[in-house]
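K.L.:
What follows is a structure written as structure tokens; I'll ask about it next.
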Amino acid sequence: MIANLPILRGLAGFNRDWLRSDIPAGLSIAAVGLPSAIAYPAIAGLPPETGIYASIVGPIAYAIFGPSRLLVIGPDAATMTVLAAAMAAIIAAEPAAAGIDRVAIASTLALGVGFFCIAAKLLKLGVLASFLSRPILVGFFAGVSLSILVGQIGRFTGVKIESEGLIPPLLEILRKSASIHWPSLLFGLLMFALLWAVRAFPVKVPGPVLVVVLSVVLSAIFDFQGRGIAVVGDIPSGLPMLSLPALHQMPLDKIVLGSAAIFLVSFGAGIVAARSFASRTGEEVDANQELIGLGAANIAPGLFGSFPISVSDSRTAINLSTGGVSQASGLVSAATLVAALVFLHSALRILPIPALAAILATAAISLIDVHELKKIWRISRMEFVFALIAMWGAISFGVLNGVIVAVAATLVYLVRKTMFPRDGLLGRIEGRHGFFDLARFPEARPVEGAAVFAIQGNILFYNADYLRMRLTTIAKELAAGTRCFVLDASAITHIDSTGATALAAVAEILAKRDIIFAIADLSEESRDILERAGVIKAIGAHNLFNGREEALTALTSKNSQASDAGSASTEL
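Now the structure itself:
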């Protein structure tokens with residue numbers, strides 16, 4: 052029955068035997084997810100229960116609408132950091148006397164992200180997942196991680212930090228060093244060390260789980276709250292309630308821009324994570340279908356007083372390592388968190404804030420992928436520079452503006468790669484078939500009486516002038532005996548009006564030198580552009596050919612016949 056319902060792809064073919072794997076996997080996901088669900092909301096100044104709500108309703112929505120069997124949805128540090136920046140911009144736009152409802156703002160942004168996902172699906176814009184390149188994302192997340200680390204200074208020390216950015220908070224804590232609550236700092240650093248010790252040694256209990264349990268026990272025994280160590284405080288014991296935030300009371304422009312930024316980062320990072328895990332399991336990732344699952348997984352938290360979420364690396368990794376086979380593991384995790392919310396809220400209320408800071412700091416450091424940065428450096432120094440630009444943008448301009456910097460860096464990178472397309476004069480090598488770049492193959496020789504030039508890229512407004520000068524220079528330097536110039540357009544997929552004007556200028560120069568300008572293997576779209584621009588009329592439709600060989604055969608034989616005719620008349 053389930054297999055016939057397209058909205059339940061993650062449970063397709065379900066049978067009871069799967070529960071033997073999915074139940075333990077779901078319990079493990081909940082155990083690992085609970086600490087981060089409580090800790091991550093602090094990044095955006097939200098109460099801890101909102102993270103639990105998101106970890107309940109998000110996976111349920113994804114299990115219904117998501118296409119993947121194994122991906123697990125939940126709060127993640129990068130999305131929370133962009134959310135915090137978007138919320139800050141919205142709050143700054145509110146009147147000073149207005150009552151700020153941070154949960155309502157976060158819920159509205161979650162709805163906005165969900166609707167962006169659905170709209171992108173309808174427009175088949177799953178390709179947006181590839182818009183932020185891997186180097187850009189690696190650099191951006193490194194910048195985000197530093198922002199998160201700096202944001203934990205106040206939670207570690209018990210000092211209220213009012214400045215923003217990277218350096219100002221460090222200077223502020225130095226000025227306020229006399230106010231540091233040393234028991235809080237010591238305890239936070241001990242929990243931070245414990246998390247790294249768990250990573251270093253083969254401990255079966257996940258580090259965040261161990262920290263939460265140990266922190267709660269120590270807090271109860273030694274009355275941390277009474278000794279001045281901040282604790283989480285009251286957490287509602289009830290289930291999340293369905294509600295719609297007051298959209299009409301919020302600045303629509305800031306909501307749209309904030310939702311777009313969160314969507315771009317969370318979806319881009321989510322698809323990168325999905326493809327990474329899919330490479331291990333053999334699953335195919337359809338970005339357009341994932342948009343539906345992620346859209347539902349964001350709309351649901353928006354309707355239940357929570358915030359935007361994305362694919363969770365840590366939860367998905369736990370699901371795979373513990374043998375989960377379907378989205379039933381996500382449903383089991385959600386049910387487990389409901390039980391924790393109902394029965395453990397008294398224990399969670401005394402969880403020390405420095406312990407959450409330690410969890411967040413560890414998660415932030417894990418976002419700095421040093422291995423990937425080294426790999427990018429080894430493969431392409433230019434891409435490494437763009438990774439650094441994205442990192443610098445997130446640190447220097449804030450996370451929200453850092454998204455803009457990352458997108459701008461991606462655009463610059465794309466334009467830079469296509470602004471100077473590879474080109475060259477082609478010739479033949481005796482005894483070998485085909486054409487070869489004269490600059491790369493010294494043994495290649497030009498075709499007698501002809502020049503063949505290839506461009507491996509489009510001719511568009513931003514590179515048309517460069518290509519016009521390149522072609523003009525070559526046209527002026529052609530040997531005196533050259534009778535035809537063949538442009539190999541097999542790798543040119545698009546020519547715009549500016550590119551057509553550039554080719555017209557080249558055709559005029561060749562005509563002055565009495566050299567035939569021919570184009571081989573021109574696409575239909577580009578031909579239409581050149582036709583409307585008058586370029587085809589200028590060079591003659593008979594000088595368009597299906598390939599280089601056809602062009603050379605036709606043009607060199609004509610030239611040969613013309614030469615023979617000239618010789619005969621002279622002899623007469």
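Per this note's numbering: the sequence shown = residues 52 to 623.
Even for Gly, the Cβ is constructed at its ideal location relative to N, Cα and C.
1) Apart from the five residues just before and just after Q507, which ones in its own chain have a Cβ nearer than 6 Å to its Cβ?
2) At the level of alpha carbons, what is the spacing between L489 and G163?
3) Go ahead and label L56 buried or exposed: buried means 16 or more other beta carbons lie within 10 angstroms of its beta carbon, across all protein chains shown.
4) Classify A501 as helix, strand or coil using the three-state DSSP reduction.
5) Using the Cβ count rule (16 or more neighbours within 10 Å means buried), how would you classify V178?
6) So, under 8 Å CB-CB, A95 and A135 are touching, yes? Tell me the CB distance rounded to an integer number of Å.
7) By the DSSP assignment, the alpha helix (DSSP H) with I543 in it spans what residues?
8) Pairing CB atoms from the region 220-227 with CB atoms from the region 247-262, are three or more of them under 8 Å?
9) Starting from R71 and walking both ways along the alpha helix (DSSP H), at which residues does that stretch end?
10) When you compare the CB positions of I510 and I546, do they come within less than 8 Å of one another, or not?
11) Mind reading off the beta-carbon distance from M520 to A193? Whole number of angstroms is fine, and I expect it under 8 Å.
12) For L522, which of helix, strand or coil comes out of DSSP?
13) Mind reading off the beta-carbon distance from V503 to L476? Whole number of angstroms is fine, and I expect it under 8 Å.
14) By alpha-carbon positions, which one of M470, G500, I419 ends up nearest to F191?
15) Whole-angstrom Cβ separation of G356 and P291, contact assumed at under 8 Å?
16) Only counting the same chain, and skipping five residues up and downstream in sequence, which positions put a Cβ closer than 6 Å to that of L161?
17) In whole angstroms, what separates the C-alpha of A155 from that of P296?
18) Using only the alpha-carbon positions, how far apart do N594 and L606 sit?
19) Confirm, please, whether the CB-CB distance from G381 to Y113 is below 8 Å.
20) Rank T130, R583, I187 by C-alpha distance to the C-alpha of I427 and give the top, closest one.
21) Taking only the alpha-carbon atoms, compute the straight-line gap between G309 and G485 and give it to the nearest angstrom.
22) Of all the alpha helix (DSSP H) runs that stay within the bounds of the region 413-479, which reach a length of 4 or more residues?
23) Determine which residues share a DSSP beta bridge with I510 and list them.
24) So, helix, strand or coil for S361, using DSSP?
25) Between which two residues does the beta strand (DSSP E) harbouring F65 extend?
26) Tell me, please, which residues DSSP counts as bridged to R496.
27) If we call anything under 8 Å between Cβ atoms a contact, is L47 one with S377?
28) Quick one: residues in its chain with C-beta nearer than 8 Å to the C-beta of V466, no 5 flanking neighbours on either side, listed in chain order?
P.N.:
Judging by the given coordinates:
1) P472, R473, A542
2) 55 Å
3) Unreliable placement is indicated for L56, whose pLDDT of 43 sits below 50; the coordinate value is still reported in the next sentence. When all chains shown are included, L56 counts as exposed.
4) strand
5) exposed
6) 4 Å
7) Per DSSP, I543 belongs to no alpha helix (DSSP H) and is neither H nor E.
8) no
9) 70-90
10) yes
11) That pair is no contact at about 39 Å.
12) helix
13) 7 Å
14) I419
15) 6 Å
16) For the record, residue 161 in the displayed sequence is Ala; it is not Leu. Excluding residues within five positions, the ones whose Cβ falls inside 6 Å are N349, P352, G353, F358, P359.
17) 5 Å
18) 9 Å
19) yes
20) I187
21) 54 Å
22) 421-430, 432-447, 450-470
23) I546
24) strand
25) From DSSP, F65 is part of no beta strand (DSSP E); its letter is neither H nor E.
26) R479
27) Outside the modelled stretch of the chain, which goes from 52 to 623, sits residue 47, for which no answer is possible.
28) Y513
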